[in-house]
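Below is one structure, written out as structure tokens; comments come after it.
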Amino acid sequence: MSPSSNRPLAALPGRKLVVAAVLLAVVVVVLGAFTRLVDAGLGCPDWPGCYGHLLWPDTPEEIRIAEQRFNETVEHDKTWPEMVHRYFATTLGAVIVALTIVAFRARKQYPDYPVKHCIGLLALVILQGAFGAWTVTLKLWPQVVTAHLLGGFSVLALLWLLYLRLGNNAPAAPDRKTDRFRAWAIGGLVVVFIQIALGGWTSSNYAAIACINFPTCHGHWLPPLDMAEAFDITQDIGPNYLGGTMDNDARVTIHFVHRVGALVVTLYLLGLCAALLKAGSASLRPYAIAVLAALVIQVTLGISNVIYIIPLPGAVAHNAGGALLLLTLVTLLHQLYRYRQQPEGTQ
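For the sequence shown, position 241 (counting from the first letter as 1) is numbered 240 according to our numbering, and the numbering increases by one without interruption.
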């Protein structure tokens, strides 16, 4: 914090606005998952409106005109999820714009205010808007859908990190036991992010129910795989990808790789949590327990989704669980870097 200010960093302007943004981002992530899972990604064939409406066609006359104009059937149960998601996302974008304005106004009084962080968030949310439009105009092209999902999780994580930074960015009490865990925690964040990407690829290619038993897949520990088609990122732009276009072996491959990824994440984070707890650092114990709890919740949700064949509440909760796991790791890393920033000469 700048010497020019004698107020704690927690008193800096914008923190309450960040809380609102974090809550909005959670809603947007959950609504995005719900929209994908009810196959409402193309519930509105145009963008930013819906069949030419600011909301969606609702009356019989509006529906009749919309169907004549767009030459397709209006499905009300798919129009409203798409538009509600868009409006919440737009509201989140407006709040992030406001946060950026607050950051520029605050930087003169508080030179340490994370202005670049806010600018990066603004750039990312603008890119997210573009991906939202491309999701519709490119007819659920899996590459765009997956990137849009990753962008949403990234916005949420960066907002949460901003909240933590504004809450207390002062160096923490020294704890040399934490030094060796920073690289390990970064690795955890990377493997979780990759697993989220695999989850997005699984969802966007409609591979979630490619294996409907557990722990085997159609009775095989290693089912027939087609890696070339499963992870072909040169798919054509133009076809309607609603429902997916891959054959069964490719979808089984995607699902199986996602399961393997879950196993890798589980073993990695179990090792990290065990090491943190074994180190005997009282300051890091709560963070290790939080990561472990989030991991248990997410693994349980993942297995139950397979066993019960992707129930909607469970599938939405699985997306939220991925976000929770990501945020616990961001919190852990933030704490570890606070230790790193201890004043010179501290013993």
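Heads up, the beta-carbon is just placed ideally off N, CA and C, and yes, glycines get one too.
8 Å Cβ cutoff met for residue i and residue j
i      : j      : result
ILE113 : ARG164 : Correcting the residue type first, residue 113 is Pro in the shown sequence and not Ile. Contact: yes.
VAL27  : GLY151 : yes
GLY40  : GLU74  : no
LEU326 : TRP159 : yes
CYS272 : LEU291 : yes
VAL154 : ALA319 : no
GLY321 : GLY198 : yes
VAL144 : VAL190 : no
PRO80  : VAL37  : yes
Residue environment, residue i, which counts as buried when at least 16 other CB atoms sit within 10 Å
i      : result
ASN204 : buried
TRP133 : buried
LYS77  : buried
MET226 : exposed
TRP140 : buried
ILE308 : exposed
GLN334 : buried
THR136 : exposed
PHE213 : exposed
LEU262 : exposed
PRO310 : exposed
PHE103 : exposed
GLY48  : exposed
SER3   : Low confidence applies here, because SER3 scores a pLDDT of 40, under 50, leaving its location unreliable; read the following figure in that light. SER3 is exposed by the Cβ-count criterion.
ALA281 : exposed
LEU324 : buried
LEU22  : exposed
PRO342 : With a pLDDT of only 45 at PRO342, under 50, the local geometry of the prediction cannot be trusted, and no value is derived from it.
PRO312 : exposed
Spatial distance of residue i from residue j (CA atoms)
i      : j      : result
ILE253 : PRO223 : 11 Å
ALA93  : TYR162 : 17 Å
HIS84  : ASP246 : 30 Å
TYR391 : PHE180 : As displayed, the chain neither begins before 0 nor continues past 346, which places residue 391 out of reach and without an answer.
THR201 : GLY128 : 22 Å
GLY166 : ARG14  : 7 Å
ARG106 : PRO12  : 10 Å
ILE302 : GLU61  : 43 Å
THR293 : LEU268 : Correcting the residue identity first, residue 293 is Ala in this sequence and not Thr. When rounded, the distance between both Cα atoms is 10 Å.
HIS296 : ALA146 : Before going further, note that residue 296 is Ile rather than His in the sequence given. Looking at the two C-alpha atoms, the distance is approximately 25 Å.
LYS277 : PRO285 : 13 Å
LEU54  : PHE192 : 33 Å
PHE69  : TYR50  : 7 Å
TRP46  : MET82  : 10 Å
LEU157 : ILE195 : 16 Å
HIS52  : ILE236 : 27 Å
VAL329 : PHE230 : 28 Å
GLU71  : ILE64  : 11 Å
TYR86  : LEU275 : 42 Å
THR215 : ARG258 : 10 Å
ALA289 : GLY270 : 14 Å
GLN142 : ILE232 : 7 Å
LEU126 : GLY279 : 43 Å
PHE33  : THR244 : 21 Å
LEU241 : ILE185 : 35 Å
PHE255 : TRP220 : 10 Å
PRO56  : ASN239 : 22 Å
LEU283 : ALA209 : 40 Å
HIS116 : PHE130 : 21 Å
GLU66  : LEU266 : 52 Å
GLY260 : VAL18  : 32 Å
ALA287 : GLY119 : 29 Å
GLN108 : ALA316 : 42 Å
SER1   : THR58  : Confidence at SER1 is low in this model, with a pLDDT of 42, below 50, so the placement of that residue is unreliable and no value is reported for it.
GLN234 : LEU91  : 31 Å
ARG35  : GLU228 : 22 Å
ASP248 : ASP178 : 45 Å
PRO44  : ILE211 : 32 Å
Near the ligand COA: residue i beta-carbon under 7 Å from a heavy atom
i      : result
LEU160 : Absent from the structure shown: the ligand COA. Ligands present: none.
Anticipated Cβ contact below 8 Å, residue i with residue j, distance rounded
i      : j      : result
ALA206 : ARG250 : 4 Å
ILE95  : ALA20  : 6 Å
ALA88  : LEU16  : Not confirmed; about 17 Å, so no contact.
GLY31  : LEU121 : With 8 Å as the limit, GLY31 and LEU121 do not qualify as a contact, their Cβ atoms being about 20 Å apart.
LEU123 : LEU332 : Not confirmed; about 18 Å, so no contact.
4 or more residues per run - each alpha helix (DSSP H) lying fully within the segment 211-254: The segment 211-254 contains these whole alpha helix (DSSP H) runs: 226-229.
Go through the segment 95-182 residue by residue and report every complete run of the alpha helix (DSSP H) that reaches 4 residues or more, in order. If one requires a minimum length of 4 residues, the alpha helix (DSSP H) runs lying completely within the segment 95-182 are 114-136, 141-166, in chain order.
As an exercise, report each continuous beta strand (DSSP E) stretch of at least 3 residues that is fully enclosed by the segment 48-84, in chain order. Fully enclosed beta strand (DSSP E) runs of 3 or longer: not present.
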